[in-house]
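*Asks:*
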Amino acid sequence: MSNQTAEAAKLAINHNGPKRTPPRLLQVVKTECISPHMQRITLSGDAIKDFPEDRNGAHIKVFLPLAHQDKPVLPTLGPKGIIWPPKEEKPITRTYSVRKYRREKEELEVDFVLHGHDSPASGWALKAKPGDFLGIAGPGGPDPLLAPADWHIIAGDMTALPAISALLEELPEYTSGHVFIEVTDESERQPLATRSVMEIHWLYRGNLTAGRSTLQLDAIKQVDKPENIEAVSAWVAGENNAVVNIRNYLKAKYGLTRKNLYAVPYWRDGFDEEGYHEDRHKVMDEEY
Ligand SMILES: Cc1cc2nc3c(=O)[nH]c(=O)nc-3n(C[C@H](O)[C@H](O)[C@H](O)COP(=O)(O)OP(=O)(O)OC[C@H]3O[C@@H](n4cnc5c(N)ncnc54)[C@H](O)[C@@H]3O)c2cc1C
33 MSNQTAEAAK LAINHNGPKR TPPRLLQVVK TECISPHMQR ITLSGDAIKD FPEDRNGAHI
93 KVFLPLAHQD KPVLPTLGPK GIIWPPKEEK PITRTYSVRK YRREKEELEV DFVLHGHDSP
153 ASGWALKAKP GDFLGIAGPG GPDPLLAPAD WHIIAGDMTA LPAISALLEE LPEYTSGHVF
213 IEVTDESERQ PLATRSVMEI HWLYRGNLTA GRSTLQLDAI KQVDKPENIE AVSAWVAGEN
273 NAVVNIRNYL KAKYGLTRKN LYAVPYWRDG FDEEGYHEDR HKVMDEEY
């Protein structure tokens, strides 16, 4: 199993040190519109108490209730691994990012892109109200999110924006490089807090579908690392085609490999998660 597949496997239920953390059943405490197509859902509950404070931007699984349920029926941990409920009760599972965990309030913020009522996660986020139930597992994914280097490239679309925002908040003052964020238009911009000297570029796709946009790759091609810099690392996430094309470019241009290049397709235009899941893992397992 490759490292990245192993990471993905950990998403299902994170190993938190030697103790495995079972899925947590949480409730919505607040829902806020961050931009026209981004909804911040704040979750809390007794089960959140030992959630780690230092994994903002990390991956989590979310377990959505089925149409006939108020609460999702969560998988449990057995001696041989995860035990899923029977098919009629099995929750719809999606992957999201920790936008922020606030230990003092015991609140977890997750930002959902709103892309339609009919998609399970987006549709749930559109309707969510205080008191609604959601299951989560994790956090998982690489730690640190961005491999240490002298100069960095970070790129992503709106699905990657929660992780990018979290990442930027953590970067030290001396971190330099470029951040490329693709959204439909200016109304989807968010204020980004960072102590770093990363240059932030907002890119506007307009009516172009995400799967056909080359905006991020085109913009990345316009920058070059400063002459005195040796070590480069990159973090790329978002729509499948954009991620794969950027990954291939960065690999060829800067010689990046799995060690210093996080390149994870978060979704694929035209495919739901069930239809895309296996292909994502093939892409992640490709040699680079
Ligand atoms: C590690 C990881 C972290 C992620 N973090 C986040 C996050 O923090 N916030 C977030 O919003 N998403 C995040 N995603 C992406 C999210 O999991 C997908 O967008 C997922 O498909 C949404 O599920 P859904 O039920 O809404 O739509 P699905 O049922 O999966 O898809 C239904 C249809 O909607 C399309 N679609 C899916 N996502 C989008 C989109 N964003 N814009 C337009 N069309 C879309 C699909 O192509 C399909 O045609 C992350 C994914 C991964 C792998």
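Numbering (the working numbering), first residue to last: 33 to 320. All residues carry an ideal CB built from backbone N, CA and C; glycine is no exception. These numbers come from a predicted model, not from an experiment.
Between E136 and E259, what straight-line distance do the alpha-carbon atoms span, to the nearest angstrom?
*Replies:* Mapped onto the sequence shown, residue 136 falls at position 104. Mapped onto the sequence shown, residue 259 falls at position 227. Spanning the two alpha carbons is a distance of roughly 44 Å.
*Asks:* Taking the C-alpha atoms as reference points, what is the distance between R52 and S208?
*Replies:* Within the sequence shown, the letter at position 20 stands for residue 52. Within the sequence shown, the letter at position 176 stands for residue 208. Using only the alpha carbons, I get a separation of about 36 Å.
*Asks:* Does the separation of the CB atoms of Y236 and V264 fall below 7 Å?
*Replies:* As a first step, residue 236 must be located in the sequence shown, where it is residue number 204. As a first step, residue 264 must be located in the sequence shown, where it is residue number 232. Not a contact, by the Cβ cut-off of 7 Å.
*Asks:* Under 6 Å Cβ to Cβ from L200, same chain only, skipping five residues before and after it: list those, please.
*Replies:* Mapped onto the sequence shown, residue 200 falls at position 168. Cβ neighbours of L200 beyond the five flanking positions: L224 and T226.
*Asks:* Where does I45 sit, in a helix, a strand or coil, going by DSSP?
*Replies:* Residue 45 sits at position 13 when you count from the first residue of the sequence shown. Annotation note: pLDDT 41 at I45 (below 50); position unreliable, coordinate value reported separately. Coil.
*Asks:* Extract the residue ranges of the beta strand (DSSP E) inside the stretch 147-223, only unbroken runs of 3 or more that lie entirely within it.
*Replies:* If we require 3 residues or more, the beta strand (DSSP E) runs fully inside the stretch 147-223 come out as 165-172, 183-188 and 209-215.
*Asks:* Relative to the alpha-carbon of K62, which residue among I252, I278, D102 and V142 has its alpha-carbon at the smallest distance?
*Replies:* Translated into positions along the sequence shown, residue 62 becomes position 30. Closest by alpha carbon: V142.
*Asks:* Measuring CA to CA, which of W234, F144 and G170 is closest to P323?
*Replies:* Any answer about residue 323 is impossible in this case: the structure gives the chain only from 33 up to 320.
*Asks:* Just to confirm before moving on: does the CB-CB distance between F165 and Q71 stay below 7 Å?
*Replies:* The count along the sequence shown starts at 1 and reaches residue 165 at position 133. The count along the sequence shown starts at 1 and reaches residue 71 at position 39. No.
*Asks:* So, with DSSP's three-state summary, where would you put Q254?
*Replies:* For this step, residue 254 is matched to residue 222 along the sequence shown. Q254: coil per DSSP, three-state reduction.
*Asks:* Pull up the distance between the alpha-carbon of E262 and that of R221, whole angstroms please.
*Replies:* Residue mapping note: residue 262 aligns to position 230 of the sequence shown, counting from 1. Residue mapping note: residue 221 aligns to position 189 of the sequence shown, counting from 1. Cα to Cα, the separation comes out at about 32 Å.
*Asks:* Let me check understanding here. Comparing Cα to Cα, which of A179, V211, R87 and D304 lies closest to R147?
*Replies:* As a first step, residue 147 is located in the sequence shown; it is residue number 115 there, counting from the start. Rather than Arg, the amino acid found at residue 147 in this sequence is His. Considering only alpha carbons, the answer is D304.
*Asks:* With a threshold of 6 Å (Cβ to nearest heavy atom), would E305 be considered close to ligand 1?
*Replies:* If you number the sequence shown from 1, residue 305 lands on position 273. Yes, ligand 1 has a heavy atom inside 6 Å of this Cβ.
*Asks:* Going by beta carbon distance, what residues of the same chain come within less than 6 Å of D311, once the five residues before and after it are set aside?
*Replies:* Within the sequence shown, residue 311 is the residue found at index 279, counting from 1. Closer than 6 Å at the Cβ level, and outside the excluded window around D311, lies no residue.
*Asks:* Quick one: residues in its chain with C-beta nearer than 7 Å to the C-beta of K112, no 5 flanking neighbours on either side, listed in chain order?
*Replies:* Position 80 of the sequence shown, counting from 1, holds the residue named residue 112. There are no such residues.
*Asks:* Is V275 close to ligand 1? I mean its beta-carbon at under 6 Å from any heavy atom of the ligand.
*Replies:* As a first step, residue 275 is located in the sequence shown; it is residue number 243 there, counting from the start. V275 Cβ: outside cutoff for every heavy atom of ligand 1.
*Asks:* Give me the Cα-Cα distance between W183 and Y294, rounded to the nearest whole angstrom.
*Replies:* Here residue 183 refers to the residue found at position 151 when the sequence shown is read from its first residue. Here residue 294 refers to the residue found at position 262 when the sequence shown is read from its first residue. Each residue's alpha carbon lies about 14 Å from the other.
*Asks:* Please classify N239 as buried or exposed, where buried requires at least 16 neighbouring CB atoms within 10 angstroms.
*Replies:* Counting from one through the sequence shown, the residue named residue 239 turns up at place 207. By the 10 Å Cβ count, N239 comes out exposed.
*Asks:* Just to confirm the assignment, what range does the alpha helix (DSSP H) spanning G270 have?
*Replies:* For the purposes of this step, residue 270 is taken as the residue at position 238 of the sequence shown. Taken as a continuous stretch (DSSP letters only), G270 belongs to no alpha helix (DSSP H), being part of the beta strand (DSSP E) at V264 to E271.
*Asks:* S129: beta carbon under 6 Å from a heavy atom of ligand 1?
*Replies:* On the sequence shown, residue 129 is found 97 positions in, with the first residue counted as 1. At least one heavy atom of ligand 1 is nearer than 6 Å to the Cβ of S129, so yes.
*Asks:* Could you name the residues that DSSP lists as bridge partners for P297?
*Replies:* Taking the first residue of the sequence shown as position 1, residue 297 is located at position 265. DSSP lists G270 as partners of P297.
*Asks:* Do T125 and F95 have their C-beta atoms closer together than 7 Å?
*Replies:* Numbered from 1 along the sequence shown, position 93 holds the residue referred to as residue 125. Numbered from 1 along the sequence shown, position 63 holds the residue referred to as residue 95. Cβ distance < 7 Å, so T125 and F95 count as in contact.
*Asks:* Residue range of the beta strand (DSSP E) that Y236 falls in?
*Replies:* In the sequence shown, the residue the question calls residue 236 occupies position 204. E231 to Y236 is the extent of the beta strand (DSSP E) around Y236.
*Asks:* What would DSSP say about L247, mapped onto helix, strand or coil?
*Replies:* One-based indexing of the sequence shown puts residue 247 at position 215. Helix.
*Asks:* Buried or exposed, going by whether 16 or more other CB atoms sit within 10 Å of the CB of E318?
*Replies:* Counting from 1 along the sequence shown, the entry for residue 318 is found at position 286. Flag for E318 reads exposed.
*Asks:* Within 10 angstroms of the Cβ of Y133, are there 16 or more other Cβ atoms? Answer buried if so, exposed if not.
*Replies:* The sequence position of residue 133 within the sequence shown is 101, counting from 1. Label assigned to Y133: buried.
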